[in-house]
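>
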Amino acid sequence: MTIRMTTPDARALTDVIGALRVWQTEASPIQLHPGDVGWNVRFGEAETAAALRVWSGDAGILAVGLLDGADLVRLTTAPELRTDARLAGRLADDLDGILPEGTAAVEAPQDAVLHDVLGARGWRRGEAWTPLRRDLAEPVQPVALRVETIGPELAAARAEVHRAAFPNSTFTAQRWGMMAAGAAYADARCLLGLDAQGTPVAAITVWSAGPGRPGLIEPMGVHPDHRGHRYGTEITVAGAAALRELGSSSAVVATPSANVGGVATYLAAGFEAQAERYDRTRPLPAR
Numbered sequence: 001m002t003i004r005m006t007t008p009d010a011r012a013l014t015d016v017i018g019a020l021r022v023w024q025t026e027a028s029p030i031q032l033h034p035g036d037v038g039w040n041v042r043f044g045e046a047e048t049a050a051a052l053r054v055w056s057g058d059a060g061i062l063a064v065g066l067l068d069g070a071d072l073v074r075l076t077t078a079p080e081l082r083t084d085a086r087l088a089g090r091l092a093d094d095l096d097g098i099l100p101e102g103t104a105a106v107e108a109p110q111d112a113v114l115h116d117v118l119g120a121r122g123w124r125r126g127e128a129w130t131p132l133r134r135d136l137a138e139p140v141q142p143v144a145l146r147v148e149t150i151g152p153e154l155a156a157a158r159a160e161v162h163r164a165a166f167p168n169s170t171f172t173a174q175r176w177g178m179m180a181a182g183a184a185y186a187d188a189r190c191l192l193g194l195d196a197q198g199t200p201v202a203a204i205t206v207w208s209a210g211p212g213r214p215g216l217i218e219p220m221g222v223h224p225d226h227r228g229h230r231y232g233t234e235i236t237v238a239g240a241a242a243l244r245e246l247g248s249s250s251a252v253v254a255t256p257s258a259n260v261g262g263v264a265t266y267l268a269a270g271f272e273a274q275a276e277r278y279d280r281t282r283p284l285p286a287r
């Protein structure tokens, strides 16, 4: 099998998103999702394409990696290739060229043999994450929080909540517009929660991978001035309801295990915690 690694252009984003959609199944662990790519499109389609690495063979796309910052690659493969040692070796070789020298990290599905290959090369177990899942076979209960579906008229309010919830964020209404114009957003919803006075207090974006496949929460945030009122739980439940309407079989999310409050919010919203997963971290060379 000939394996080629390429950096796609913006025109190829639809193909990459299509492959990621097909790879999402209830039998697979949480992995790189089309919603992860769709959320990145807030920076622009050309910028997102430049952050992608695609490994292809004669049968099509074999693996996809998304550079999330300078020193992290979020990577997945076709499910039937998770145990392919040849592909895992090629991915490990290429990661050394993709990532900068020194400390770096790789996020990959926990059932991928890539973890073993990287471990044999000195990559250590890195940050612990808690995956959570809510089954959507049954209707989702309504919430008391007023919830609006975000369009251009509410984009600024949604961006303001996000920047407050994530202080280092540069999200703006303009970037929401770029995200919403992307191919992945055709199967997504952005929701804004408002309190009894009409003040925006929470927001969530959810991404379907198509009917019968797991949908992703990326991201969810509560304005820090309005925490402690269950708004995070209620906007998460509303997001799960939106995914069910889009045909998703489940709602999934992963948050750092150290984020105890975040894990508690998802549990309160009817999610079940799965076995912890870990990044792989390349340490600095010993002096």
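full-length UniProt numbering numbers the first residue of the sequence shown as 1 and each following residue consecutively. Cβ coordinates follow ideal geometry from the N, Cα and C atoms, glycine included. Keep in mind it's a predicted model, so treat the numbers as computed, not measured.
Just to confirm before moving on: does the CB-CB distance between Gly270 and Arg134 stay below 8 Å?
Yes; because the gap between Cβ atoms is below 8 Å, this pair is in contact.
> Can you name the start and end residues of the beta strand (DSSP E) that Leu246 belongs to?
Premise fails: Leu246 is in no beta strand (DSSP E) and is neither H nor E.
> On a CA-only basis, which of Ala264, Ala165, Pro214, Arg82 is nearest Ala241? Give me that one, please.
Residue Pro214 is the option with its Cα nearest to Ala241.
> Where does Asn168 land, buried or exposed, given buried means 16+ other C-beta within 10 angstroms?
Asn168 comes out exposed.
> Among Glu80, Gly44, Asp187, Tyr266, which one has its Cα closest to the Cα of Ser248?
The candidate whose alpha carbon is nearest that of Ser248 is Asp187.
> Taking Cβ to Cβ, would you say Arg282 is nearer than 8 Å to Thr103?
Result yes, Cβ atoms of Arg282 and Thr103 sit closer than 8 Å.
> Given a cut-off of 8 Å, decide if Gly69 and Arg280 are closer than it, judged by their beta-carbon atoms.
Contact: no.
> Extract the residue ranges of the beta strand (DSSP E) inside the segment 67 to 128, only unbroken runs of 3 or more that lie entirely within it.
Listed in chain order, the complete beta strand (DSSP E) runs (minimum 3 residues) inside the segment 67 to 128 are 72 to 77, 104 to 107.
> Comparing C-alpha positions only, which one of Gly232, Ala51, Gln110 sits nearest to Arg146?
Closest by alpha carbon: Gly232.
> Are the CB atoms of Thr7 and Leu52 nearer to each other than 8 Å?
Going by C-beta atoms, Thr7 is nearer than 8 Å to Leu52.
> Take the Cβ of Arg11 as the centre, count every other Cβ of all protein chains shown within 10 Å, and call the residue buried at 16 or more, exposed below.
Exposed, since its Cβ has fewer than 16 Cβ neighbours within 10 Å.
> Work out the CA separation of Ala180 and Glu101 for me, nearest whole Å.
Cα-Cα distance, rounded: 35 Å.
> Going by C-alpha to C-alpha distance, which of Leu20, Ala156, Ala184 sits closest to Glu45?
Residue Ala184 is the option with its Cα nearest to Glu45.
> With a CB to CB cut of under 6 Å and the five nearest residues on each side skipped, what residues in its chain are close to Ala286?
Caution is warranted here: a pLDDT of 46 is assigned to Ala286, below 50, making its placement in the model unreliable, and no coordinate value can be reported.
> Between which residues of its own chain and Ala254 is the CB-CB distance below 6 Å, once the five residues before and five after are set aside?
So the qualifying residues of the chain are Ile30, Trp129, Pro131.
> Identify every residue that forms a DSSP beta bridge with Tyr185.
None; Tyr185 has no bridge partner.
> Should His223 be labelled buried (16 or more other beta-carbon atoms within 10 Å of its own) or exposed?
Classification for His223: buried.
> Start and end of the beta strand (DSSP E) containing Val54?
Start and end: 52 to 57.
> Using the rule of at least 16 other Cβ atoms within 10 Å of the residue's Cβ for burial, across every protein chain shown, is Thr14 buried or exposed?
Exposed: under 16 other Cβ atoms inside 10 Å.
> On the DSSP bridge list, what partners appear for Leu145?
None, per the DSSP bridge assignment.
> Under the three-state reduction of DSSP, which class applies to Gly18: helix, strand or coil?
In this structure, Gly18 counts as helix in the three-state DSSP scheme.
> Using CA coordinates, which residue listed in Asn40, Thr76, Ala112 is at the minimum distance from Ser56?
Per the Cα distances, Thr76.
> Judging by CA-CA distance, which residue of Gly210, Tyr266, Gly193, Trp176 is the nearest neighbour of Arg42?
Out of Gly210, Tyr266, Gly193, Trp176, Trp176 has the C-alpha closest to the C-alpha of Arg42.
> Given 8 Å as the limit, is there contact between the segment 17 to 26 and the segment 202 to 212, that is, 3 or more CB pairs closer than that?
These segments touch.
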